[in-house]
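Take a look at the structure set out below.
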Ligand SMILES: [Zn+2]
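In the working numbering, the protein residues as written are 343 to 853.
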C-alpha cells in the first residue's frame, strides 16, 4: 500500500499517540503495516540537578545501557550543572563555601575526558554564572555539552527542545541584565533570576516537543499525586497551600506552549504529572503576587541532603508514566505575568456526539431504529503535557529516567559530508550521530528582540504582541534568506558549523 507523505505522517502520529494507551494493540498494528521501520525515535535520558556529578551520571547511563541493551542518544540536564572550569569560576557560584569544590567539569572542558553522549543543559541557581553569561544565547560549554542559553530553542534530529535557565524571583523579573563582574553577594544571586525579557521571547515560540526549566511550573503539583508528594516532602505543605510552590511564568509558558514534555529539577525529588490542555484552566484565587517572598528560591545545597531517602529507582530506568489523569484540583496558573500570550485557540474542537434527528410524522419500527443508531464519534485526544521532575545525582535517589521521543517524520538527516565539519563530533556518541540545528523560529525571535535586550536595570518598553509577532515574521524571512538558503539546505544551519567549542585554557596550563 502506497501512502502519500502527509497521510503517512498523520497515521504515524496517530499511532504514536495511541501507543501509550494501548501498547499491545498498537504495536501489532504497527508491525502489520509497511511503516514499521519509519517510526524512528530517540532515546533521551533526563537528569534532574547535576551538581557537578557528570562522571556519575554518564556511568549510570552506561550501566542502564548494558542492563537494558539499548543506546541512549541524548542527555538533558535540568540545571545546577556547575560548569566550573577553574578556581576563579568557583567565586562566581552562589553556594556555601563548603560546596565550593572544583569537581570534574574541567576535565571535559579541557579535553581530558569526553562527554560520551551529546548533552544539553540549562542553568539553575548554583552555577558558574560568569561562564553561563558568556554564552547568553547558548553555545558549547565543552565538546559534546551544549548550553541552551538563558533562554533558547534548538532542534536535535528535528525534535524541538526549548528551555529557560535560572529560577523565578519576582523582584528581579522585570529588570535588565545589569550584573557585572566582580559579582557581590547580591548580583551573584540576581544574575540567575529569570527575566521577563526571556519569558516574552519564549512565549512567541510555536509548540516545542520538550521544554526544560530548573524550577517547577507554579501549581504543577496539582496535576499529579499531590498527597504522595507531601508524604515525601511534608515541608512543601505551606507553599502548596499558599500556591507559591514553583514559578508563575513557567506555568504561563506551559499553558501557552503546550509542549509534549516538560522536565524540571530544583526541588530534589521525583514528581510526575500530566496537564490536559483541553480542560479549561481553572482560575483560582492565586493572584499576580503569588510567589512573592515565599517562592522556594535559593535552595541551599544540603538542605535536602538529610531528607528521607526516596525509594530506589525501580529497574534503574523507566519510561515515564503516560497516563492522562486530569488535574485533581485547580492549578494556580492565573498568576501568569505574560500578558502577551495568545489565548488557547489551538485545541481541537470535540466532535459533536451523534444526535438522531427524528421526524415526528415518521413511523419507526423498533428494528429500524436499531439500524440508525450509531456509536458516538470518538473525541479527539486532547493535547497533553507530560511533566517530570527529577532529583539530584545521589545514591538511592530518583535522578535519571529515559524516555522515547519520536523523531519528526519530516526530519532529513544531514548528508555524510557534514561529518567532516569541525565541531561536528561535538554532537555524536560512539554509535550514532545526533544532529543539532538552530531553530529558525528562535533565531527570528532572537533577532526581533535584540533591540530590547537591556544591560541596565531598566528596560526599554517592549512591543505589544502584534508588533512582536510582526517583527518575528519579518526576521523569519531574513533567516530563511540568509541562513537556510545560504546553507543550501531546507533545514537550519547546523549549530556546530557556526560555533565550535573554543577552549580558553588547555589542560596543561590549567594544572
Ligand atoms: Zn539542585
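By construction, the Cβ of each residue, glycine as well, lies at the ideal position given by its N, Cα and C atoms. Since the structure is predicted, the reported quantities are computational estimates derived from the model, not experimental observations.
Taking Cβ to Cβ, would you say residue 592 is nearer than 8 Å to residue 532? The Cβ atoms of residue 592 and residue 532 lie no closer than 8 Å to each other.
Residue of 471, 513, 408 and 566 minimising C-alpha distance to residue 426: Minimum Cα distance to residue 426 is reached at 471.
Check whether the segment 722-739 and the segment 600-616 touch, using three or more Cβ-Cβ pairs below 8 Å as the test. Yes, the segment 722-739 is in contact with the segment 600-616.
For ligand 2, is there a heavy atom less than 7 Å away from the beta-carbon of residue 607? With respect to small molecules bound, the structure shown includes ligand 1 and not ligand 2.
Tell me which same chain residues have a C-beta within less than 8 Å of the C-beta of residue 794, skipping the five on either side of it? Within the same chain, residue 794 has close Cβ partners 539, 801, 802, 804 and 805.
Below 8 Å on the Cβ atoms is my guess for residue 447 versus residue 424; work out the distance and round it to an integer in Å. With a Cβ gap of about 6 Å, residue 447 and residue 424 count as contacting.
Please work out which residues of its chain come closer than 6 Å, Cβ to Cβ, to residue 395, disregarding the five sequence neighbours upstream and downstream, and give them in chain order. Taken in chain order, the residues that qualify are 735.
From residue 403 to residue 384, what does the alpha carbon distance come to, in whole angstroms? So the two alpha carbons sit approximately 15 Å from each other.
Which whole-angstrom value describes the C-beta separation of residue 810 and residue 790, a residue pair presumed to lie in contact below a C-beta threshold of 8 Å? By a beta-carbon distance limit of 8 Å, residue 810 contacts residue 790. Their separation comes to about 7 Å.
If you count every other CB in all the chains shown that lies within 10 Å of the CB of residue 740, and 16 or more means buried, which is it? Residue 740 is buried by the Cβ-count criterion.
Chain-order list of residues whose beta-carbon lies under 8 Å from that of residue 570 (same chain, five-residue window excluded): Result list for residue 570: empty, nothing under 8 Å.
Could you tell me whether the segment 507-522 touches the segment 774-790, where touching means 3 or more Cβ pairs closer than 8 Å? Touching, no, given that fewer than three Cβ pairs across the two stretches are closer than 8 Å.
Between residue 408 and residue 486, what straight-line distance do the alpha-carbon atoms span, to the nearest angstrom? Taking the straight line joining both Cα atoms gives about 22 Å.
Outcome for residue 421 when other beta-carbon atoms lying within 10 angstroms are tallied against a minimum of 16: Classification for residue 421: buried.
When the distance is taken between beta carbons, is residue 501 closer than 8 Å to residue 750? Taking C-beta atoms as the reference points, residue 750 and residue 501 count as a pair closer than 8 Å.
Would you kindly work out how many angstroms separate the C-alpha atoms of residue 461 and residue 400, rounded to a whole number? Taking C-alpha positions only, residue 461 is separated from residue 400 by approximately 10 Å.
Taking DSSP as the reference, what is the three-state secondary structure of residue 639? In this prediction, residue 639 scores a pLDDT of 36, lower than 50, which makes its location untrustworthy; the coordinate-derived value is nonetheless stated afterwards. DSSP places residue 639 in the coil class of the three-state scheme, outside both helix and strand.
Taking the continuous beta strand (DSSP E) assigned at residue 811, which residues delimit it? For residue 811, no beta strand (DSSP E) run applies; the uninterrupted alpha helix (DSSP H) run containing it begins and ends at 807-821, by DSSP.
Starting from residue 589 and walking both ways along the alpha helix (DSSP H), at which residues does that stretch end? Careful: residue 589 lies outside any alpha helix (DSSP H) and carries neither H nor E.
Would you kindly work out how many angstroms separate the C-alpha atoms of residue 560 and residue 389, rounded to a whole number? About 20 Å.
Exposed unless 16 or more other CB atoms sit within 10 angstroms - verdict on residue 600: By the Cβ neighbour-count rule, residue 600 is buried, with 16 or more other Cβ atoms within 10 Å of its own.
Look at the alpha carbon of residue 530 and the alpha carbon of residue 419, and state the distance between them as a whole number of angstroms. Their Cα atoms are separated by approximately 22 Å.
Over what stretch of residues does the beta strand (DSSP E) that includes residue 417 continue unbroken? It spans 416-419 - the beta strand (DSSP E) in which residue 417 sits, taken as one unbroken run.
So, residue 315 versus residue 435, is the Cβ gap smaller than 8 Å? The requested residue 315 does not occur in the structure, where the chain is confined to residues 343 to 853.
Can you list, in chain order, the residues of its chain with a C-beta nearer than 7 Å to that of residue 557? Leave out the 5 residues immediately preceding and following it. So the list reads 509, 510, 588, 589, 592, 606 and 608, once near-sequence residues are dropped.
So, at 7 Å on beta carbons, what are the nonlocal neighbours of residue 523 in its own chain, with the 5 sequence-adjacent residues on each side left out? If we look at residue 523 and ignore the five residues flanking it on each side, its Cβ neighbours are 472.
So, under 8 Å CB-CB, residue 517 and residue 799 are touching, yes? Tell me the CB distance rounded to an integer number of Å. Residue 517 to residue 799, Cβ: 5 Å. Contact.
Within the same chain, show all residues whose beta-carbon is closer than 6 Å to that of residue 417, passing over the 5 residues directly before and after it, in chain order. Around residue 417: 387, 459 and 461.
Which one of 456, 430 and 454 has the shortest CA to CA distance from residue 444? The residue with the shortest Cα to Cα distance from residue 444 is 430.
Identity of the residue in 393, 546 and 412 nearest residue 744 by Cα: Among 393, 546 and 412, the Cα nearest to that of residue 744 is on 412.
Would you say residue 468 touches ligand 1, meaning its beta carbon is less than 7 Å from a heavy atom? It does: the Cβ of residue 468 is within 7 Å (strictly closer) of some heavy atom of ligand 1.
Counterpart residues of residue 554 in DSSP-defined beta bridges: For residue 554, the pairing in a beta bridge is given by DSSP as 505 and 605.
Residue 618, DSSP secondary structure in three states: DSSP places residue 618 in strand when its eight states are reduced to three.
For residue 575, which residues in the same chain have their Cβ closer than 6 Å to its Cβ, ignoring the five residues on either side in sequence? Apart from sequence neighbours up to five positions away, the residues of its chain that approach residue 575 with a beta-carbon distance below 6 Å are 611, ordered along the chain.
Which runs of the alpha helix (DSSP H) spanning at least 4 residues fall entirely within the segment 381-461, listed in chain order? Correct list: 396-410, 429-432 and 447-452.
Express the C-alpha separation of residue 503 and residue 455 in angstroms, rounding to a whole number. Rounded to the nearest angstrom, the two C-alpha atoms are 26 Å apart.
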